[in-house]
Amino acid sequence: MARPKGKPGKVETDSSAEEKGNGIVAPEEPSWDNIKHFTPREFTCKCDGYCDHPDVISLGTVAKLDRIRDLIGKPVEVISGTRCERHNNKVAGRVRSAHLAKDGCSRAVDVRCPDAAYRFAFLTAALPLFNRIGIGKDFIHVDDDPELPPGMIWTY
Ligand SMILES: [Zn+2]
Ligand SMILES: [Zn+2]
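Residue numbers (our numbering): 308 to 463.
Put into structure tokens, the structure is as follows:
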């Protein structure tokens, strides 16, 4: 899909949004209109009826994944995004998993990783963007949960 040229609206960086005072940080979230490769439903909880599948994935997290998708030029299949408590328990997720919505927002995605070449391409693209990465046999977890320790790559 070609990147639209001359799209109206804000184009320039609005990083100053985070510096507005009073400790109230306006989340610098892009719009789904600017996400090229994903839809909200891909990130909703995949449980079977425990929750009402609210759309609470961080758009900042999705925007990073969208960027990775552009960089690697290969499909990115989301296998887990947001999880409700019960679903997280069922899949043996961590108690403070970034897949859980905290303050109404979840910040983790697991994507399918079919082979070593894909893993190399994905991690090369992901490392400048995500500072928390988990590597499974056939999937990769990325999150940017500010409540969890940064600068971590772990295995399962
Ligand atoms: Zn659920
Ligand atoms: Zn995960």
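The beta-carbon is built from N, C-alpha and C at its ideal position, and this holds for glycine as well.
- In this structure the segment 425-439 does not touch the segment 342-355; the number of beta carbon pairs closer than 8 Å is below three.
- Exclusion of cysteine 412 from the 7 Å shell around ligand 1 follows from its C-beta lying no nearer than that to any non-hydrogen atom of the ligand.
- Annotation: the continuous beta strand (DSSP E) that includes threonine 462 extends over 459-462.
- Not one heavy atom of ligand 2 sits closer than 7 Å to the Cβ of serine 338.
- Restricting attention to beta strand (DSSP E) runs no shorter than 3 residues, the segment 358-397 encloses them at 385-387, ordered along the chain.
- The straight-line gap separating the alpha-carbon atoms of histidine 394 and lysine 381 is approximately 29 Å.
- Between the alpha carbons of isoleucine 364 and glycine 388 lies a gap of roughly 7 Å.
- Under a 10 Å Cβ-count criterion, alanine 370 is classified as buried, with 16 or more other Cβ atoms of the shown protein chains found around its own Cβ.
- Cβ contact annotation for glutamate 384 (same chain, cutoff 8 Å, sequence separation greater than five): Val418, Arg419, in chain order.
- When the beta-carbon positions are compared, aspartate 422 and threonine 368 stay at least 8 Å from each other.
- Per the C-alpha coordinates, the member of Arg426, Val416, Ile375 positioned closest to isoleucine 386 is Val416.
- What you get when you keep residues with a C-beta closer than 6 Å to any heavy atom of ligand 1 is Cys352, Cys354, Tyr357, Cys358, Cys391, His394.
- Its Cα nearest to that of arginine 374, the residue Lys343 stands out among Leu407, Lys343, Lys397, Arg403.
- A direct Cα-to-Cα measurement between glutamate 454 and glycine 443 gives close to 22 Å.
- Annotated three-state conformation of arginine 401 is coil, per DSSP.
- DSSP places alanine 428 in the uninterrupted alpha helix (DSSP H) bounded by 423-433.
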